[in-house]
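Student: Residue numbers (my numbering): 48 to 471. No residue lacks a Cβ here, since even glycine has one placed at the ideal position from N, Cα and C. Quick one: the structure is below, and I'll ask about it shortly.
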């Protein structure tokens, strides 16, 4: 963790001014992570009256690397000898660079890049690093955000400050993701990334596995017919509203009790419960916007304690489905309208919203959101999304938002919910 920067003025000039007061020294300590290492190091530094300029620490699989940049008013050679003697008492190695560059930490990272894969190979990561270097993008820091159910790595980077550079970065990394069979999400770094406060999910094939209307159609013996229309609509080949009317018409005459049977048979996407539970802990307002049916979705929404629900309503007369829907159809434009309404009701600016979906009818909703995530999506949606996930675990959404697997599991452990399985 870097030390805090001044609220005003140029940080690089600030560091340089401090360095002028003495010799700049970079101390790097490595070895097994254990209590007391930092205490021993800082005690030795304190005895020499140094001033701290920057501190960074990382632990990977129990191995510690601790870097401290200081200015030394006295003899740096004497400091080096004392540090070596002190750190050997805690079994650590120390490297001291006298006259180190004091310009580190001169600016804030511009973007966060999340890489997800099963696995993330060294070859894939080397391609990413090379492509970043070719575009003059500097990797400022790398941390692991997940080791299960996918491997997740988060890079904070500094990119050239032009719109064309950002577009080129996103396009290039999207090509790398496709060729290397990994997922890569690029977001602006800083407060905007951490300010997301409302999320909405599509339901069919996103929050749940499968399509509800096909489950209903199976009871009517028209599953194949309905599936073909559904697939064409999700690819954007058919107007969604008209395709919905065609499919619902095939359900005419089904008993109302079938709706309850289908609702009870719904299977959540792996990671769905974890995702919503974690987001609620973070203060998110959570909802669903679906071209499916309210009678099926509302029991699930109640179980998950969702804040918003928008879906179509099947008409039922005399205990049987009529083959029609009641009211305005929730179609592609309607999903975006619902998201904006939810945000307005919650008092959340649109740039602080997230939308997750899988089909062409989610395009307007993802475009309207501050962050649009395509989940195992059709090509039409992947092309416009800010991030695209191709692994069947919804909790990967958390990693894109900067939440780590360790943080999720620590919170679940406190609540007695820890399970090392694909959570749903």
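Whether or not the region 73-89 and the region 100-118 are in contact is what I'm after, with contact meaning three or more pairs of Cβ atoms, one per stretch, closer than 8 angstroms; do they touch?
Tutor: Yes, the region 100-118 touches the region 73-89.
Student: Leaving out five residues on either side along the sequence, give the residues of the same chain with a beta carbon under 6 angstroms from the beta carbon of residue 355.
Tutor: Contacts found: 334 and 389.
Student: Quick one: is residue 138 buried, meaning 16 or more other Cβ sit within 10 Å of its Cβ, or exposed?
Tutor: It is exposed - the Cβ of residue 138 has fewer than 16 other Cβ atoms within 10 Å.
Student: Confirm, please, whether the CB-CB distance from residue 247 to residue 161 is below 8 angstroms.
Tutor: No.
Student: Can you say whether residue 379 is buried or exposed, counting buried as having 16 or more other CB atoms within 10 angstroms of its CB?
Tutor: Buried: at least 16 other Cβ atoms inside 10 Å.
Student: Since residue 236 contacts residue 158 with CB under 8 angstroms, what's their CB separation in whole angstroms?
Tutor: Rounded, the Cβ-Cβ distance is 5 angstroms, consistent with contact.
Student: Taking the beta strand (DSSP E) that residue 79 belongs to, which residues open and close that run?
Tutor: Here the beta strand (DSSP E) through residue 79 covers 70-79.
Student: Taking only three categories from DSSP, how would you classify residue 349?
Tutor: Of the three classes helix, strand and coil, the one that applies to residue 349 here is helix, per DSSP.
Student: Give me, in chain order, the residues of the same chain whose beta-carbon lies closer than 6 angstroms to that of residue 144; leave out the 5 immediate sequence neighbours on both sides.
Tutor: Cβ neighbours of residue 144 beyond the five flanking positions: 73.
Student: Identify whether residue 58 lies in helix, strand or coil by the three-state DSSP scheme.
Tutor: Low confidence applies here, because residue 58 scores a pLDDT of 44, under 50, leaving its location unreliable; read the following figure in that light. It is helical.
Student: Residue 342: which of 358, 328 and 88 sits nearest, CA to CA?
Tutor: When each option's Cα is compared against that of residue 342, the closest is 358.
Student: Provide the residue(s) that pair with residue 423 in DSSP beta bridges, ordered along the chain.
Tutor: Residue 423 pairs with nothing; no bridge assigned.
Student: Which of the three DSSP states, helix, strand or coil, is assigned to residue 451?
Tutor: Of the three classes helix, strand and coil, the one that applies to residue 451 here is coil, per DSSP.
Student: Might you give, ordered along the chain, the residues of its own chain that have their beta carbon closer than 6 angstroms to the beta carbon of residue 427, omitting 5 neighbours on each side?
Tutor: Only 283 and 407 meet the Cβ criterion.
Student: Classify residue 461 as buried or exposed, calling it buried when 16 or more other Cβ atoms lie within 10 Å of its own Cβ.
Tutor: Exposed, since its Cβ has fewer than 16 Cβ neighbours within 10 Å.
Student: When the Cα of residue 191 is compared with those of 225, 348, 316 and 451, which residue comes out closest?
Tutor: Nearest option by C-alpha distance: 451.
Student: So for residue 376, helix, strand or coil by DSSP?
Tutor: Residue 376: coil per DSSP, three-state reduction.
Student: Could you give the DSSP three-state label for residue 243: helix, strand or coil?
Tutor: Here residue 243 sits in coil by DSSP.
Student: Okay, do the region 293-302 and the region 361-373 touch, 3+ Cβ pairs below 8 angstroms being the bar?
Tutor: These segments touch.
Student: State buried or exposed for residue 198, treating a residue as buried only when at least 16 other CB atoms are found within 10 Å of its CB.
Tutor: The residue in question, residue 198, is buried, as its Cβ has 16 or more Cβ neighbours within 10 Å.
Student: Tell me which same chain residues have a C-beta within less than 7 angstroms of the C-beta of residue 266, skipping the five on either side of it?
Tutor: Counting only Cβ-Cβ distances below 7 angstroms, and skipping sequence neighbours, we find 301 and 305.
Student: On the criterion of 16 or more Cβ atoms from any shown chain inside 10 Å, does residue 268 qualify as buried, or is it exposed?
Tutor: Counting Cβ neighbours within 10 Å, residue 268 comes out exposed, since fewer than 16 surround it.
Student: Can you give me the C-alpha to C-alpha distance between residue 218 and residue 184, rounded to a whole angstrom?
Tutor: In a straight line, the C-alpha of residue 218 is about 14 angstroms away from that of residue 184.
Student: Are residue 405 and residue 422 close, meaning C-beta to C-beta below 8 angstroms?
Tutor: Yes, Cβ-Cβ distance for residue 405 and residue 422 is below 8 angstroms.
Student: If you count every other CB in all the chains shown that lies within 10 Å of the CB of residue 382, and 16 or more means buried, which is it?
Tutor: Its Cβ being crowded by 16 or more others within 10 Å, residue 382 is buried.
Student: Put residue 265 into one of helix, strand or coil per three-state DSSP.
Tutor: DSSP places residue 265 in helix when its eight states are reduced to three.
Student: Might you give, ordered along the chain, the residues of its own chain that have their beta carbon closer than 6 angstroms to the beta carbon of residue 398, omitting 5 neighbours on each side?
Tutor: Contacts found: 417.
Student: Once the 5 residues before and after residue 224 are set aside, which same chain residues still bring their CB inside 8 angstroms of it?
Tutor: Only 230, 231 and 435 meet the Cβ criterion.
Student: Leaving out five residues on either side along the sequence, give the residues of the same chain with a beta carbon under 6 angstroms from the beta carbon of residue 419.
Tutor: Only 402, 413, 432 and 433 meet the Cβ criterion.
Student: To which residues of the same chain is residue 127 closer than 6 angstroms at the C-beta, ignoring the five residues directly before and after it?
Tutor: Taken in chain order, the residues that qualify are 143.
Student: Quick one: what does DSSP say residue 331 is sitting in, helix, strand or coil?
Tutor: In the structure shown, residue 331 sits in coil (DSSP, three-state: anything other than H, G, I, E or B).
Student: Under a three-way DSSP split, which group does residue 417 fall into?
Tutor: Three-state DSSP puts residue 417 in coil, outside helix and strand.
Student: For residue 249, is the classification buried or exposed, using 16 other Cβ atoms within 10 angstroms of its Cβ as the cut-off for buried?
Tutor: The residue in question, residue 249, is buried, as its Cβ has 16 or more Cβ neighbours within 10 Å.
Student: Helix, strand or coil for residue 408 per DSSP?
Tutor: In the structure shown, residue 408 sits in a helix (DSSP, three-state: H, G or I).
Student: Does DSSP put residue 256 in a helix, in a strand, or in coil?
Tutor: Note: residue 256 maps to coil in three-state DSSP.
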